[in-house]
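Q: In the order they appear, the protein sequences are chains A and B.
Reading the first sequence from the start, the letters are residues 1285 to 1540 in my numbering.
Reading the second sequence from the start, the letters are residues 213 to 610 in my numbering.
Every residue, glycine too, gets a C-beta built ideally from N, C-alpha and C.
Here the structure is a predicted model, which means the values were calculated and not measured.
Sharing a structure here in structure tokens format.
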Amino acid sequence: MITAGIDIGSSALKMVIWESTGKILARYVGRAGYGSEARAREFCHSIGVHIDATVATGYGRGLIDWADRSVTELTCQVRWARQEVPAARTIIDIGGQDCKVIRISESGTLADFLLNDKCAAGTGRFLEVMAAALDVPVEELSGVPDGPSVSISSTCTVFAESEVMSAVAGGRNKQEVIRGINNAVASRVAALALRLGCVPDLVITGGVAQNARIVDAIASILSTRPVVPKEPQLTAAWGAALLAHDKFLSKREGSY
Amino acid sequence: MSRLTSTDYLKKVMSRYYTGLRIPSPGKRIAWVTSGAPVEILRAMNIQVAYPENYAALCAARRQSQRLIEIAESSGLSGDLCSYARCHIGSVLSPNAAPWKGLPRPAVLICCNNICSTVTLWYEYLADILKVPLFFIDTPRVDGAPASHQVAYVKRQLEDLVCFLEARFGRRLDEQALKATLKTSAQTAKLWANIRSTAMKRPSPIEAPDLFIAMAPIVVLRGTRAALDFYQLLHKELLVRIDNGVGIGRYERVRLVWDNIAIWHALFRVNQMFAAHGGVFVADTYTGGWTFELMEGDPLESMAHAYLSVFLNKGFADRLADLEKTLSEYGADGLVMHANRSCKPYSLIQPELAREISRRMGLPILLLESDMADPRAYAEEQLRLRIEAFMEQLGGIL
Chain A
1285 MITAGIDIGS SALKMVIWES TGKILARYVG RAGYGSEARA REFCHSIGVH IDATVATGYG
1345 RGLIDWADRS VTELTCQVRW ARQEVPAART IIDIGGQDCK VIRISESGTL ADFLLNDKCA
1405 AGTGRFLEVM AAALDVPVEE LSGVPDGPSV SISSTCTVFA ESEVMSAVAG GRNKQEVIRG
1465 INNAVASRVA ALALRLGCVP DLVITGGVAQ NARIVDAIAS ILSTRPVVPK EPQLTAAWGA
1525 ALLAHDKFLS KREGSY
Chain B
213 MSRLTSTDYL KKVMSRYYTG LRIPSPGKRI AWVTSGAPVE ILRAMNIQVA YPENYAALCA
273 ARRQSQRLIE IAESSGLSGD LCSYARCHIG SVLSPNAAPW KGLPRPAVLI CCNNICSTVT
333 LWYEYLADIL KVPLFFIDTP RVDGAPASHQ VAYVKRQLED LVCFLEARFG RRLDEQALKA
393 TLKTSAQTAK LWANIRSTAM KRPSPIEAPD LFIAMAPIVV LRGTRAALDF YQLLHKELLV
453 RIDNGVGIGR YERVRLVWDN IAIWHALFRV NQMFAAHGGV FVADTYTGGW TFELMEGDPL
513 ESMAHAYLSV FLNKGFADRL ADLEKTLSEY GADGLVMHAN RSCKPYSLIQ PELAREISRR
573 MGLPILLLES DMADPRAYAE EQLRLRIEAF MEQLGGIL
């Protein structure tokens, strides 16, 4: 059986075509925005095999009106973890515009969750804004070695940007500022995790998990070593493909 | 989804009330009062009452609050002030921008701080700009039952209120009229409590948005025949639904309780997001604020007792006990707390209530951040994600 998971996030479109033998047949990561639905459709056709079921997730999940079901990213992440990291009890997912802390029950279901407030602090967007302010590609933020850092205390992204600008204007070196930015994201995310309670094993997913410096900083605040999947951006789409598989298997139409 | 036919009568009652306020007649006097003010005294003296809080909620439900709020803010009021206050003050500053050109101007203002302390400054500000006298009733916070010195303190203020009104309007308070009004008030409050309790049945014959709409008369027409008539009609209709085993006409997969004032400008939109996944709000904590009991005996004393015991005038332990009781009586599967930016006394203790309820009952709880009347504090996509994830959490999708 072959199923598709489509995750239209606030900044990226992610897709996974999954075969029930346990193999990912195809994957896709691109920018979200206008045309996401068309690109998703083209991608599914381009595989050249029949897709038995599709689940859509992410902020844009409603766009995929031909999906068999739409499910939130939270449930998709939990479904993915149940298969790939069965010992996981907490997931921190840091996406483009939000940050989620998800608690998984002993039986592998969604037990509780907490999302960041109506604010971009501690999200991928925060990093993009700061990278642009420093005129460096966002990938470069994860390439700094350990060392001293400037302190960025504003929660608000716009105010934090002006803190960064004044550090730059004050002659602080770029690496110190970058470390400050990474620490700022890590501390906001860790605070959210502590509010919900961070039960190990911990998994960190989402695009921002590609920044090893942020992952390290979160690990040190929470004093637990997190699992970071090889493709942290794809986990929700992968979980969606797994849910599509469940859906296809279950004959109980309409059962929630 | 089946509609309650008594809603037609409700519309008539409410439009008659609002039109009636506007019709000039000799000797007619209007008081603006807070929602927790001892209105029975005014009614017994034949003084018309208007409720700025209810007016603001109506403006919000008609999606006309934002303009008024912006008018208030551009006059210098802080965006952190209660949105009812901002909306209503906006209507006072610019009646032409307001639905029905605002409320008809008052002869007096009656403010009771049993619901919050914001009303104190809100009414002082009104008194200042409208140049009308303000009578203020102070109700100290109550834990458990009101202490006798608290009752005596408030009763004394109610006696002063009577003197103030008699001197102001040159009328006497007829004790028989007050007793009759109180009797109607108590009957209505009891009926309202019974109406809310019908939702303990499965399937529930009524849901919280209906209660939020149907609560208007218990707030603004408490103590009148019109309110009593409406609730008798509604109660009868609900009993018929129960007899026929008919619910609200929608599948009741999970039973939910709503905490806090409604998001008036998106009441049905928000409800629909839960309804789409089989969620039914069988109770809320807000409309239960008008189910107080009036004791027999000295009218002013029983009023002092009742108006001190309003839930927003109570401390954490009482709020927790009430919430726990509601959740278990109504067989709730989950609790949704509207963290209402405007209503500080209601909202500030919610995270702690949530922690305690979760510890005691292990119930899934969702905190939604928004505002009762300021649409700018409403982020629909963010709410939708939280609501759908919560419904998945309650739904065993995995």
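Buried or exposed for B:Leu-222, please, with buried defined as at least 16 other CB atoms from any protein chain shown within 10 angstroms of its CB.
A: For the purposes of this step, residue 222 of chain B is identified with residue 10 of the second sequence, where counting begins at 1. Flag for B:Leu-222 reads buried.
Q: Pull out every residue of the region 1354 to 1367 of chain A whose Cβ sits closer than 9 Å to any Cβ of chain B, in chain order.
A: Ser-1354, Val-1355, Thr-1356, Glu-1357, Leu-1358, Thr-1359, Val-1362, Arg-1363 and Arg-1366
Q: According to a CB-to-CB cut-off of less than 8 Å, which residues of the region 1389 to 1408 of chain A neighbour chain B?
A: The region 1389 to 1408 of chain A vs chain B, Cβ under 8 Å: Gly-1392, Thr-1393, Leu-1394, Ala-1395, Asp-1396, Phe-1397, Leu-1399, Asp-1401 and Lys-1402.
Q: Let me check one thing: in DSSP terms, what residues is A:Arg-1311 bridge-paired to?
A: Position 27 of the first sequence, counting from 1, holds the residue named residue 1311 of chain A. Looking at the DSSP assignment, A:Arg-1311 forms a beta bridge with A:Val-1300.
Q: Can the beta-carbon of A:Val-1487 be found closer than 7 Å to that of A:Arg-1373?
A: Residue 1487 of chain A sits at position 203 when you count from the first residue of the first sequence. Residue 1373 of chain A sits at position 89 when you count from the first residue of the first sequence. Result no, Cβ atoms of A:Val-1487 and A:Arg-1373 do not sit closer than 7 Å.
Q: Note down, in chain order, every chain A residue with its Cβ under 7 Å from the Cβ of B:Gln-278.
A: As a position in the second sequence, residue 278 of chain B is number 66, starting the count at 1. Residues of chain A passing the Cβ test: none, with the nearest at roughly 17 Å.
Q: Between the region 1318 to 1329 of chain A and chain B, which residues of the former have CB atoms less than 9 Å from a CB of the latter, in chain order?
A: none
Q: Hey, does B:Ala-601 have any beta-carbon neighbour from chain A nearer than 7 Å?
A: Taking the first residue of the second sequence as position 1, residue 601 of chain B is located at position 389. Cβ-Cβ to chain A under 7 Å: yes for B:Ala-601.
Q: On the DSSP bridge list, what partners appear for A:Arg-1353?
A: Taking the first residue of the first sequence as 1, we reach residue 1353 of chain A at position 69. Beta-bridge pairing links A:Arg-1353 to A:Val-1339.
Q: List the whole-angstrom C-beta distance separating B:Tyr-590 from B:His-489, where the pair is believed to meet the contact cut-off of C-beta under 8 Å.
A: What you label residue 590 of chain B is simply residue 378 of the second sequence in a count that begins at 1. What you label residue 489 of chain B is simply residue 277 of the second sequence in a count that begins at 1. The C-beta distance from B:Tyr-590 to B:His-489 rounds to 20 Å, too long to meet the 8 Å contact threshold.
Q: Tell me, please, whether the CB atom of B:Gln-562 is closer than 7 Å to any CB atom in chain A?
A: Here residue 562 of chain B is taken as the residue at index 350 of the second sequence, counted from 1. No, B:Gln-562 lies away from the interface with chain A (no Cβ there is under 7 Å from its Cβ).
Q: Let's see if you can read the secondary structure: which residues bound the alpha helix (DSSP H) around B:Asn-266?
A: For the purposes of this step, residue 266 of chain B is taken as the residue at position 54 of the second sequence. Counting along the chain, the alpha helix (DSSP H) containing B:Asn-266 begins and ends at 264 to 273.
Q: Taking the runs of the alpha helix (DSSP H) that are 4 residues or longer, which of them lie wholly in the region 1411 to 1489 of chain A?
A: 1441 to 1453 and 1458 to 1480
Q: Pick helix, strand or coil for A:His-1329, following the three-state DSSP scheme.
A: Indexing the first sequence from 1 puts residue 1329 of chain A at position 45. Helix, per DSSP.
Q: Can you pull the DSSP bridge partners for A:Cys-1360?
A: On the first sequence, residue 1360 of chain A is found 76 positions in, with the first residue counted as 1. Bridge partners of A:Cys-1360: none, in fact.
Q: Let me check one thing: in DSSP terms, what residues is B:Phe-602 bridge-paired to?
A: By 1-based counting over the second sequence, the position of residue 602 of chain B is 390. Within the DSSP secondary-structure output, B:Phe-602 pairs in no beta bridge.
Q: How long is the line joining the alpha carbons of B:Ala-544 and B:Ala-249, rounded to whole angstroms?
A: For the purposes of this step, residue 544 of chain B is identified with residue 332 of the second sequence, where counting begins at 1. For the purposes of this step, residue 249 of chain B is identified with residue 37 of the second sequence, where counting begins at 1. Roughly 32 Å between the two C-alpha positions.
Q: Which term fits B:Lys-526, buried or exposed, when burial requires 16 or more other beta carbons within 10 angstroms of its beta carbon?
A: If you number the second sequence from 1, residue 526 of chain B lands on position 314. Under this definition B:Lys-526 is a buried residue.
Q: Tell me the rounded alpha-carbon separation between A:Arg-1463 and B:Arg-588.
A: For the purposes of this step, residue 1463 of chain A is taken as residue 179 along the first sequence, with counting starting at 1. For the purposes of this step, residue 588 of chain B is taken as residue 376 along the second sequence, with counting starting at 1. The straight-line gap from Cα to Cα measures roughly 35 Å.
Q: With a floor of 4 residues, list each alpha helix (DSSP H) that falls wholly inside the region 465 to 506 of chain B, ordered by position along the chain.
A: 479 to 487
Q: Would B:Gln-605 count as contacting chain A if we go by Cβ distances under 7 Å?
A: On the second sequence, position 393 is the one that residue 605 of chain B refers to. Output row for B:Gln-605: interface = yes.
Q: Does the distance from the C-beta atom of A:Ala-1475 to that of A:Val-1448 stay below 7 Å?
A: Numbered from its first residue, the first sequence carries residue 1475 of chain A at position 191. Numbered from its first residue, the first sequence carries residue 1448 of chain A at position 164. No.
Q: If you drop the 5 nearest sequence neighbours on each side, which residues of the same chain put their C-beta closer than 6 Å to that of B:Thr-503?
A: Position 291 of the second sequence holds residue 503 of chain B. If we look at B:Thr-503 and ignore the five residues flanking it on each side, its Cβ neighbours are Ala-401, Trp-404 and Ala-405.
Q: Using the beta-carbon of each residue, which ones in chain E are nearer than 8 Å to A:Tyr-1343?
A: Absent from the structure: chain E. Protein chains present are A and B.
Q: For B:Gly-356, count neighbouring C-beta atoms within 10 Å of its own C-beta (all shown protein chains included) and say buried if the count is 16 or more, exposed if not.
A: Counting from one through the second sequence, the residue named residue 356 of chain B turns up at place 144. Classification of B:Gly-356: exposed, given that the 10 Å Cβ count is below 16.
Q: Do A:Glu-1357 and A:Ala-1520 have their C-beta atoms within less than 7 Å of each other?
A: For this step, residue 1357 of chain A is matched to residue 73 along the first sequence. For this step, residue 1520 of chain A is matched to residue 236 along the first sequence. Taking 7 Å as the Cβ cut-off, A:Glu-1357 and A:Ala-1520 qualify as a contacting pair.
Q: Between which two residues does the beta strand (DSSP E) containing A:Thr-1374 stretch?
A: Reading the first sequence from its first residue, position 90 is the one you call residue 1374 of chain A. A:Thr-1374: member of the beta strand (DSSP E) spanning 1374 to 1378, first to last residue.
Q: Opposite B:Glu-581 in the DSSP bridges: which residues?
A: Translated into positions along the second sequence, residue 581 of chain B becomes position 369. In DSSP, B:Glu-581 forms a bridge with B:Ala-551.
Q: To the nearest angstrom, report how far apart B:Glu-564 and B:Asn-552 are at their CA atoms.
A: As a working note, residue 564 of chain B is residue 352 in the second sequence. As a working note, residue 552 of chain B is residue 340 in the second sequence. Cα to Cα, the separation comes out at about 15 Å.
Q: Terminal residues of the continuous alpha helix (DSSP H) containing A:Lys-1384?
A: Numbered from its first residue, the first sequence carries residue 1384 of chain A at position 100. Where A:Lys-1384 is concerned, there is no enclosing alpha helix (DSSP H), although the beta strand (DSSP E) it sits in stretches over 1383 to 1388.
Q: How long is the line joining the alpha carbons of A:Asp-1485 and B:Tyr-443, rounded to whole angstroms?
A: As a working note, residue 1485 of chain A is residue 201 in the first sequence. As a working note, residue 443 of chain B is residue 231 in the second sequence. Distance between the alpha carbons of A:Asp-1485 and B:Tyr-443: 55 Å.
Q: Give me the residue from B:Thr-538, B:Ile-430 and B:Val-522 with the minimum Cα distance to B:Tyr-558.
A: Position 346 of the second sequence, counted from the start, is the residue given in the question as residue 558 of chain B. The shortest C-alpha separation from B:Tyr-558 is found at B:Val-522.
Q: Under 9 Å Cβ-Cβ, which residues of chain A neighbour B:Glu-541?
A: If you number the second sequence from 1, residue 541 of chain B lands on position 329. Under the 9 Å cutoff, chain A gives no residues; its nearest Cβ is about 24 Å from B:Glu-541.
Q: Give the secondary structure of B:Asp-422 by DSSP, where H, G and I count as helix, E and B as strand, and everything else as coil.
A: Translated into positions along the second sequence, residue 422 of chain B becomes position 210. Helix, per DSSP.
Q: Is it a yes or a no for the region 1505 to 1512 of chain A touching the region 1287 to 1303 of chain A, going by three-plus beta-carbon pairs under 8 Å?
A: no
Q: Run through DSSP, which three-state label would B:Gly-239 get?
A: Counted from its first residue, the second sequence places residue 239 of chain B at position 27. In the structure shown, B:Gly-239 sits in coil (DSSP, three-state: anything other than H, G, I, E or B).
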